[in-house]
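The numbering of the sequence shown is full-length UniProt numbering, which starts it at 1 and goes up by one. Every residue gets a Cβ at the ideal spot worked out from N, C-alpha and C, and that includes glycine. In this text the structure is predicted, and so the values were computed from the model without any measurement.
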Amino acid sequence: MTAPFPIAPDAHHGLSVHEVVLLLETDPSRGLSDAVAQERLARFGPNTLPAPTGSAVLSTILRQFHHPLIYVLLLAAVVTASLHEFVDAAVISGVVLVNAVVGFIQETRAEAALDSLRAMVRTEATVVRGGHARVLESDALVPGDLVMVEAGDKVPADVRLLRESELRVDESALTGESAPVDKCEVVLPEATPVADRRNMAYSGTLVTAGSGTGVVVATGSETEIGEIHRLVGAADVLATPLTAKLAWFSKVLTIAILGLAGATFALGLARRQDAVETFTAAIALAVGAIPEGLPAAVTITLAIGVARMAKRRAVVRRLPAVETLGSTTVICADKTGTLTENQMTVRRIWTPDQAVEVTGSGYVPEGDLLGADGQRLSPDGNAALRWALLAGAVCNDATVRFDGERWTATGDPTEAAMVVVAAKAGLAADADHGFRRIAQIPFSSERQYMATLHTTPEHRTVVLVKGAVERVTEMCDTAMGADGALRPLDRRAVTAAADCLTAEGLRVLACGMRPAEDSARLSEDQLAGAVTLTGLQAMLDPPRAAASAAVAACRSAGIAVKMITGDHAGTATAIAHSVGLLEAASREGAVLTGADLAALPDDDVPATVERARVFARVTPEQKLRLVQGLQFMGHVVAMTGDGVNDAPALRQASIGVAMGRSGTEVAKDAADVVLTDDDFATIEAAVEEGRGVFDNLTKFIAWTLPTNVGEGLVILVAIGLGAVLPILPTQILWINMTTAVALGLTLAFEPKEAGIMTRPPRDPREPLLTRSLVGRIALVSSLLVAGSWWLFEWELGHGATLPEARTAALNVFVVVEGFYLFSCRSLTRSAWRIGLFSNTWLVVGVLVQALAQILVTYLPAMNSVFQTAPLDADGWARIFAIALVVMSVVAVQKRLGQRKAC
Ligand code: ATP
Numbered sequence: 001m002t003a004p005f006p007i008a009p010d011a012h013h014g015l016s017v018h019e020v021v022l023l024l025e026t027d028p029s030r031g032l033s034d035a036v037a038q039e040r041l042a043r044f045g046p047n048t049l050p051a052p053t054g055s056a057v058l059s060t061i062l063r064q065f066h067h068p069l070i071y072v073l074l075l076a077a078v079v080t081a082s083l084h085e086f087v088d089a090a091v092i093s094g095v096v097l098v099n100a101v102v103g104f105i106q107e108t109r110a111e112a113a114l115d116s117l118r119a120m121v122r123t124e125a126t127v128v129r130g131g132h133a134r135v136l137e138s139d140a141l142v143p144g145d146l147v148m149v150e151a152g153d154k155v156p157a158d159v160r161l162l163r164e165s166e167l168r169v170d171e172s173a174l175t176g177e178s179a180p181v182d183k184c185e186v187v188l189p190e191a192t193p194v195a196d197r198r199n200m201a202y203s204g205t206l207v208t209a210g211s212g213t214g215v216v217v218a219t220g221s222e223t224e225i226g227e228i229h230r231l232v233g234a235a236d237v238l239a240t241p242l243t244a245k246l247a248w249f250s251k252v253l254t255i256a257i258l259g260l261a262g263a264t265f266a267l268g269l270a271r272r273q274d275a276v277e278t279f280t281a282a283i284a285l286a287v288g289a290i291p292e293g294l295p296a297a298v299t300i301t302l303a304i305g306v307a308r309m310a311k312r313r314a315v316v317r318r319l320p321a322v323e324t325l326g327s328t329t330v331i332c333a334d335k336t337g338t339l340t341e342n343q344m345t346v347r348r349i350w351t352p353d354q355a356v357e358v359t360g361s362g363y364v365p366e367g368d369l370l371g372a373d374g375q376r377l378s379p380d381g382n383a384a385l386r387w388a389l390l391a392g393a394v395c396n397d398a399t400v401r402f403d404g405e406r407w408t409a410t411g412d413p414t415e416a417a418m419v420v421v422a423a424k425a426g427l428a429a430d431a432d433h434g435f436r437r438i439a440q441i442p443f444s445s446e447r448q449y450m451a452t453l454h455t456t457p458e459h460r461t462v463v464l465v466k467g468a469v470e471r472v473t474e475m476c477d478t479a480m481g482a483d484g485a486l487r488p489l490d491r492r493a494v495t496a497a498a499d500c501l502t503a504e505g506l507r508v509l510a511c512g513m514r515p516a517e518d519s520a521r522l523s524e525d526q527l528a529g530a531v532t533l534t535g536l537q538a539m540l541d542p543p544r545a546a547a548s549a550a551v552a553a554c555r556s557a558g559i560a561v562k563m564i565t566g567d568h569a570g571t572a573t574a575i576a577h578s579v580g581l582l583e584a585a586s587r588e589g590a591v592l593t594g595a596d597l598a599a600l601p602d603d604d605v606p607a608t609v610e611r612a613r614v615f616a617r618v619t620p621e622q623k624l625r626l627v628q629g630l631q632f633m634g635h636v637v638a639m640t641g642d643g644v645n646d647a648p649a650l651r652q653a654s655i656g657v658a659m660g661r662s663g664t665e666v667a668k669d670a671a672d673v674v675l676t677d678d679d680f681a682t683i684e685a686a687v688e689e690g691r692g693v694f695d696n697l698t699k700f701i702a703w704t705l706p707t708n709v710g711e712g713l714v715i716l717v718a719i720g721l722g723a724v725l726p727i728l729p730t731q732i733l734w735i736n737m738t739t740a741v742a743l744g745l746t747l748a749f750e751p752k753e754a755g756i757m758t759r760p761p762r763d764p765r766e767p768l769l770t771r772s773l774v775g776r777i778a779l780v781s782s783l784l785v786a787g788s789w790w791l792f793e794w795e796l797g798h799g800a801t802l803p804e805a806r807t808a809a810l811n812v813f814v815v816v817e818g819f820y821l822f823s824c825r826s827l828t829r830s831a832w833r834i835g836l837f838s839n840t841w842l843v844v845g846v847l848v849q850a851l852a853q854i855l856v857t858y859l860p861a862m863n864s865v866f867q868t869a870p871l872d873a874d875g876w877a878r879i880f881a882i883a884l885v886v887m888s889v890v891a892v893q894k895r896l897g898q899r900k901a902c
């Protein structure tokens, strides 16, 4: 794309704000008009990074051949061809090709799926167009757009800053420098390098503090990050700890197989067997023993896992999370919005003179304020109530609107609830109740309160405060009576009232006010000891319907659930009881507050946090300490978070889980998994899927390895004994090529087993091949060798020709593999208990394989390529009899294994 305007898109830092605005033909306060924005969108294209280029596709193709196992196969094909064994060479090449094609298709599909999943977690941008601020998807931005960013946002395009307030940006995505950079509005020399351009904010970087407004100077591939993307290409390789383990495993296996093949060849030569024949046999051993399907099976299984999680509203951002989820031992979940609905309704108001009940529910501003005797109250008769309602509704950034169908809230639900209750009390909601805001101290989780400075309709100046009861009462020395008179604050009465309300699970906020003589600024020290308490507002945030069941499911799966909240300990405890996270008679130390945590010596933290279930009034910094403590105790920790300051804890956690709806871009960026519905039950579902993924991988390994070992062993034993080969190299290749695709891969689609959430989490240190798996592999491979060998000899002994006997042995392998596939559908339970048709892919795969066997046995053309011969019904009966015997022995071993486990 060409530069949008007559200046390179990376030179705007050297211009003044005025020049930039002129150059980009925009308005620094009203932004672009919709029409101009549309025209520019058509001209410059959407603000997205380009799709992978041809070279990325080529590298995906090449990657399919970049595998030690495949190198061996390729070498074998070349050597076989040079020996004029063209059929063998063609079949070996066929195996490599089929593998590469399956691998390529799967990898491209998996990556496309991952990309579209990532796109589900979209970045939004606040843009001013035609003088109005609105939230748009960042794709729609064009050069010249006026964008606003604040703490927690991802910068949506390359922006020249016009205004900023304490703006700090984490530019590590671009520069690798992890310390956030302070931004300011200055003109810089043209030669300033990107990392030092303090008047610019770059696409993809994260705002960690403050706010700013700027003009978009470059979008899409013209941005700095777009440039990097173009140079590096999409380097997203599907790698996880498991694939790393498997890669290592393949390497060791390849070396072992090559050693064995070499030994076989040497042995054959020593016995003066035909060199070419021995060589092809050695190659057959190598090819037979190599589990070619393994890399494709891993990719497919992981990709299916990711897709299943997405269906259940958990979007995986980093693939290793799919596996780690399955070994999670502790989930630390936020309360508000995760365990509860985050739909607040004020139910009670307490003023120093009166207790008030509020009726109505949700954001519909219909309901009454009732006194103790049930009579309707008006704020006109109670000054404290009026100021409490005003502080709640005016020191507030939320809006509640009727959108033609229903009442909806924008902004913080806690604040929306306070807008609604003021409306129920009949206080006019338009234009901030006539209060003009002059200055503010915004709410933050650390500060736990919000304060605003206003001029009232009567032209007086007041400060309004609302926030956590402890924080607001700290600032108060006086309380307001119903008549508006001030009196000394009775702290015990306030605390008792707040305790009563929190014990019911209500979230309680205190409201206060203070007259401020003509002040134009607002600072924290103006508040200390100078505020008058007007009342408490208590709101209900109902637990999510599915939370109790999900908490119970986690606990029966051996996963501890802990609640972490910025809310009061009383409210947190009540909600914890209602979702089954705390028993009625909980042990001491089950509920800890941030203050308790701060007072703990470092050495005591791990054991104490492991014991506790509820952490209240916790700051984001303490979350990090909590995760580290739990990890010190050996836990695999999933931790939820939504704010900018949660990012370190999300990164530290074994699985960082961000909230898709309420979470900031910074939190999403730091997380491994994003919940698109913010619901705790989704984390439980993702853990369940994670366990399923690992199960399916183990099942594939349990299925493929005995087959490969068995095939290798048949050749090894034959050469060792100097006997005729019961299966020819080309026949082994046939088995491998067809069964890996038609049978093995179908295990990736296996549904989760019942009871997957009633067993303890998997130990991540557990080796890939557990002792029981090694036992199973040894047993099945020996049975395969014995069965095929016995039938081969029997057929020869009863007058069959060599091709007939070999065809029988070949079919023993395939039929046993087919039966064993059903057994592998559960690692512990018997094959018959699972339901024969619960995995349609598997049924289809078996039918395809059956057809392939019929062709290779009866089709004359295939008979001559693979040196097979038709079998009669008796022959098939013997094959199936052997398969049944093998399956019975495996079933007995499974049963014995189960008993031992009990
Ligand atoms: P979590 O999601 O961790 O459960 P939370 O919503 O309970 O978080 P915070 O948002 O950190 O916790 O709020 C902490 C306390 O600050 C609340 O208990 C409440 O008293 C107060 N508070 C919450 N929202 C506001 C707000 N918008 N204005 C003023 N005070 C608030």
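Per the coordinates, the alpha-carbon of ILE735 lies some 32 Å from the alpha-carbon of ALA754. By the neighbour-count definition (other C-beta atoms within 10 Å, threshold 16), THR801 is an exposed residue. A straight-line Cα-Cα distance of about 11 Å links LEU83 and ALA76. Looking at the backbone, the Cα of VAL846 and that of TRP876 are separated by about 16 Å. Sequence-distant Cβ neighbours of GLY663 in its own chain, meaning closer than 6 Å and more than five residues away, are ASP642.
Looking from the CA of VAL142, the closest CA among GLY220, PRO189, VAL95 belongs to GLY220.
At a Cβ-Cβ threshold of 8 Å, SER519 and PRO543 do not count as neighbours. Cβ neighbours of THR175 within its own chain (closer than 8 Å, five residues either side excluded): VAL194, ALA195.
Its Cα nearest to that of LEU745, the residue ASN839 stands out among ARG691, TYR363, ASN839.
Three or more beta-carbon pairs separated by less than 8 Å link the stretch 666-679 to the stretch 307-320, which places the two stretches in contact.
The C-beta of HIS67 has 16 or more other C-beta atoms within 10 Å across all chains shown, which makes the residue buried. Between the C-alpha atoms of THR473 and ALA530 there is a straight-line separation of about 10 Å. In this structure, DSSP gives THR676 a state outside helix and strand, which the three-state scheme calls coil.
In the DSSP assignment, HIS454 falls within the unbroken beta strand (DSSP E) covering 449-455. Boundaries of the alpha helix (DSSP H) harbouring THR857: 840-858, taken from the DSSP string. In this structure, the CA atom of ARG406 is about 8 Å from the CA atom of VAL364. The shortest CA-to-CA distance from ALA667 to any of ASP677, SER654, ALA649 is the one to ALA649.
Taking the CA atoms as reference points, SER361 sits about 15 Å from ILE349. For LEU592, the three-state secondary structure derived from DSSP is strand. Distance between GLY31 and ALA179, taken at the CA atoms: about 32 Å. Secondary structure note for LEU136: it is in no alpha helix (DSSP H), and the uninterrupted beta strand (DSSP E) holding it is 132-137. No heavy atom of the ligand ATP is found nearer than 7 Å to the CB of THR399.
Take the alpha-carbon of VAL78 and the one of ALA89: they are about 7 Å apart. Across the set HIS568, GLY570, THR571, VAL551, the C-alpha of VAL551 shows the shortest separation from the C-alpha of LYS562. The stretch 279-293 makes contact with the stretch 702-712: 3 or more CB pairs, one atom from each, lie closer than 8 Å. Taking all protein chains in view, the Cβ of ILE255 is surrounded by fewer than 16 other Cβ atoms within 10 Å, so the residue is classified as exposed. Distances from the CB of MET450 to the heavy atoms of the ligand ATP include at least one below 7 Å.
By the Cβ criterion, the stretch 692-702 is in contact with the stretch 302-309, since at least three pairs of Cβ atoms, one from each stretch, lie closer than 8 Å. Cβ neighbours of ASP34 within its own chain (closer than 7 Å, five residues either side excluded): ARG129, GLY130.
Distance from the C-beta of ALA883 to the nearest heavy atom of the ligand ATP is not below 7 Å. DSSP, reduced to helix, strand and coil, places ILE290 outside both helices and strands of the structure shown, so it counts as coil.
Just so you know, the alpha carbons of ARG765 and VAL843 end up roughly 34 Å apart. For ARG507, the Cβ falls inside the 7 Å cut-off from some heavy atom of the ligand ATP.
According to the DSSP assignment, PHE615 belongs to the beta strand (DSSP E) that extends over 614-616. About 6 Å separates the beta carbons of THR534 and GLY512, which is inside the 8 Å limit, making them a contact pair. In terms of CA proximity to VAL298, VAL741 leads the group VAL741, GLY797, VAL865.
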